[in-house]
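Under the working numbering, the first residue of the sequence shown carries the number 1, and numbering increases by one thereafter.
The C-beta atom is built at its ideal place from N, Cα and C for all residues, glycine as well.
Single-structure report; data block below.
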Amino acid sequence: MPLAKNKWRRSIAVLLCAMLIFSTAFSVTAFADNAVVTSGTMYSYFQTFSSKGQWVDIQTPSHWITGTGEVAYCLQTSKDSPYNSGYHTVEGSDYYSQYVLNGLYAILENGYPVTTGGFTDEEARYATANAIRFWCAENGCEGMPAYLSLKINGDWIRGKYGYESLFDWAVSLVQLARNQATSSGAAGSISFIPSTLTLTEDDSGAYFVGSATVHSTIDDDYGLTHNLPDGSSIIGYNGWDGDLLGVQIPTAYSEQSFTITAYGNHSANTAKLFFWQPDAYNQQRVVTCVLDMDSTYVEANMTVITPKAAPKNGSIQLTKLDEDGNPLPGVSFALYDSAKQQISSGTTDSSGIITFTELSFTMPLL
Numbered sequence: 001m002p003l004a005k006n007k008w009r010r011s012i013a014v015l016l017c018a019m020l021i022f023s024t025a026f027s028v029t030a031f032a033d034n035a036v037v038t039s040g041t042m043y044s045y046f047q048t049f050s051s052k053g054q055w056v057d058i059q060t061p062s063h064w065i066t067g068t069g070e071v072a073y074c075l076q077t078s079k080d081s082p083y084n085s086g087y088h089t090v091e092g093s094d095y096y097s098q099y100v101l102n103g104l105y106a107i108l109e110n111g112y113p114v115t116t117g118g119f120t121d122e123e124a125r126y127a128t129a130n131a132i133r134f135w136c137a138e139n140g141c142e143g144m145p146a147y148l149s150l151k152i153n154g155d156w157i158r159g160k161y162g163y164e165s166l167f168d169w170a171v172s173l174v175q176l177a178r179n180q181a182t183s184s185g186a187a188g189s190i191s192f193i194p195s196t197l198t199l200t201e202d203d204s205g206a207y208f209v210g211s212a213t214v215h216s217t218i219d220d221d222y223g224l225t226h227n228l229p230d231g232s233s234i235i236g237y238n239g240w241d242g243d244l245l246g247v248q249i250p251t252a253y254s255e256q257s258f259t260i261t262a263y264g265n266h267s268a269n270t271a272k273l274f275f276w277q278p279d280a281y282n283q284q285r286v287v288t289c290v291l292d293m294d295s296t297y298v299e300a301n302m303t304v305i306t307p308k309a310a311p312k313n314g315s316i317q318l319t320k321l322d323e324d325g326n327p328l329p330g331v332s333f334a335l336y337d338s339a340k341q342q343i344s345s346g347t348t349d350s351s352g353i354i355t356f357t358e359l360s361f362t363m364p365l366l
C-alpha cells in the first residue's frame, strides 16, 4: 500500500543547463580518437611571488577542441601550448594514480563549465584550470612545476586585487580533490534505524506500537510501501531524511512479521574524462570532460515484528430462566476452554444469574 507523495523541492534549471552545455559542445569530439587542440587568449587573475622578490601574474591560456569549442585543460604547464595541433586519446591511468584521477574528477564535476561559481565564464574557466594545475603540482605529476603546489608555495600564491574570491573558489576545488569528492563516491542511499523493528503492546492493549528513523541521501523525496494489515497506520512520514516513523498494528495480528519499504531515485552528474596526448613533440597533454546524468533506483526494507499479545481479562454472564421466564437460582454451571479443561464453575444466584470473571482471552481478528 503506497503512501504517495509528489513534491518538487529543487529547481531543475541548473541541471538542464549543464546537460545542454555538454550535449551540444561535446557531442562530436568527446568520443573521437583524434582531434585538433588549439589555444586562445591568455588570462591572469592569480599571482605568485617570484624568486626576484616580486609578485608576478600566473598566466593561463584557454584551450579547446577546434571545431566544437569543447573546453580542454592543460596538464603539463612546463611544456608548449597546442596551436591547432593534432592530438589522440590516451588512458589517464597510464600517467596518473587513481588518487590523482579521482581528484581530477572532483575538480571537473564541480568546476567550469558545469558551474561558474557565480563568476564569469572566463574567470571560472581560469580558476578551474589553475585548480587542476595546483592539484597536479602538489602530487608531483610530470610536466607540472612544483612552484604551483599550494602545499609548497601556498603562502606565495594569491588572487590579484579584486579576484581574491575567485582564488578562494579555486582552492575549494583543490580541497574537493583532496577529499576525493567525486560523484561516483556519493551514491544516494536509504536506510532504516533499526532495520528490524519489534513492536510493543500499548497501554490500551489494542495496538502494537514502535518507531524507526529513515535516513535518506537521495536527491528527492523517498516513497513508502508496506504490507501492514487492515487497521494499521504509519505516522510521521514526510519523505525527508530524518523522518521518525511511528508504526501501529492491531494486537489481533500477534506473532507475525511485515515489511515497510522506502524507495526513490538518486541522480548524480558523473564525469567521464578524456586524456589527449599531442602528436607533436613537447606539447602539453590536456584533459576534457563529459558529464553523464546517472539515475539509480534505491530502496531499503524494514522488518516489523509483532510479539505475542498479552492475555486479556474479561467476564461472561449467564442467566437461567424456566419455561415461564422466571429466574432459576442454584443451577450449576461449569466453563471449559477449547481443550475441554474446566476453568471455572458455580451456581446461579437468586436472580438466576451466574458470572464468570477474570477470564483470559486474546483479541479476535478484526
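Terminal residues of the beta strand (DSSP E) in which residue i lies
i    : result
G346 : 342-347
T196 : 196-198
S191 : 190-193
Closest residue to residue i among the options (Cα-Cα distance)
i    : options                : result
P311 : D324, C289, T270, L359 : L359
Q256 : A271, I234, P307       : P307
A280 : Y83, G246, G67, R158   : Y83
S233 : S216, N102, V209       : V209
P250 : N238, G231, G239, Y237 : G231
S191 : R178, D243, R158       : D243
W370 : Y161, I235, Y237, S344 : Nothing about residue 370 can be reported from this structure: the residues present for the chain run from 1 to 366 only.
A181 : S338, T41, Q47, I107   : I107
Y222 : T115, L291, Y297, A177 : Y297
V247 : I157, P194, V290, Y43  : P194
P327 : I354, Q341, T198       : I354
S172 : T196, Y207, A124       : A124
Residue(s) in a DSSP beta bridge with residue i
i    : result
N34  : H88
A334 : S345
Q317 : T355
L176 : Looking at the DSSP assignment, L176 forms no beta bridge with any residue, so it has no partner.
L291 : A271
I132 : DSSP, once it has assigned bridges, lists no residue as partnering I132.
A300 : A262
A212 : L245
E201 : F208
P307 : BP columns for P307 are empty, so no partner.
P329 : For P329, which the question treats as bridged, DSSP gives no partner whatsoever.
Counting only runs that start and end within the segment 136-163, where is the beta strand (DSSP E) found for 3 or more residues in a row?
Counting whole runs of 3 or more residues, the segment 136-163 contains the beta strand (DSSP E) stretches 157-159.
Mind the definition here: the segment 168-176 touches the segment 61-73 only if three or more C-beta pairs lie below 8 Å; say whether that holds.
Pairwise C-beta distances place the segment 168-176 out of contact with the segment 61-73, as fewer than three of them are shorter than 8 Å.
In chain order, which continuous runs of the beta strand (DSSP E) of length 3 or greater are located wholly inside the segment 216-286?
Listed in chain order, the complete beta strand (DSSP E) runs (minimum 3 residues) inside the segment 216-286 are 223-226, 233-235, 244-250, 257-278.
Alpha helix (DSSP H) runs wholly inside the segment 40-125, at least 4 long, in chain order
Segments of the alpha helix (DSSP H) lying fully in the segment 40-125: 98-110.
Any contact of the segment 261-279 with the segment 316-331, i.e. 3+ C-beta pairs under 8 Å?
Result no; under three Cβ-Cβ pairs closer than 8 Å.
With contact counted as at least three CB pairs below 8 Å, one residue from each stretch, are the segment 124-143 and the segment 198-217 in contact?
Counting Cβ pairs under 8 Å, fewer than three are found: no touch.
Tell me whether the segment 291-304 and the segment 84-100 touch, counting them as touching only if at least three CB pairs, one residue from each stretch, are closer than 8 Å.
Taking 8 Å as the limit for Cβ pairs, the verdict is that the segment 84-100 does not touch the segment 291-304.
If you pair each beta-carbon of the segment 211-219 with each one of the segment 252-272, do three or more pairs fall below 8 Å?
Taking 8 Å as the limit for Cβ pairs, the verdict is that the segment 252-272 does touch the segment 211-219.
Does the segment 239-253 touch the segment 222-230, meaning 3 or more C-beta pairs lie closer than 8 Å?
Under the Cβ criterion (8 Å, minimum of three pairs), the segment 222-230 counts as touching the segment 239-253.
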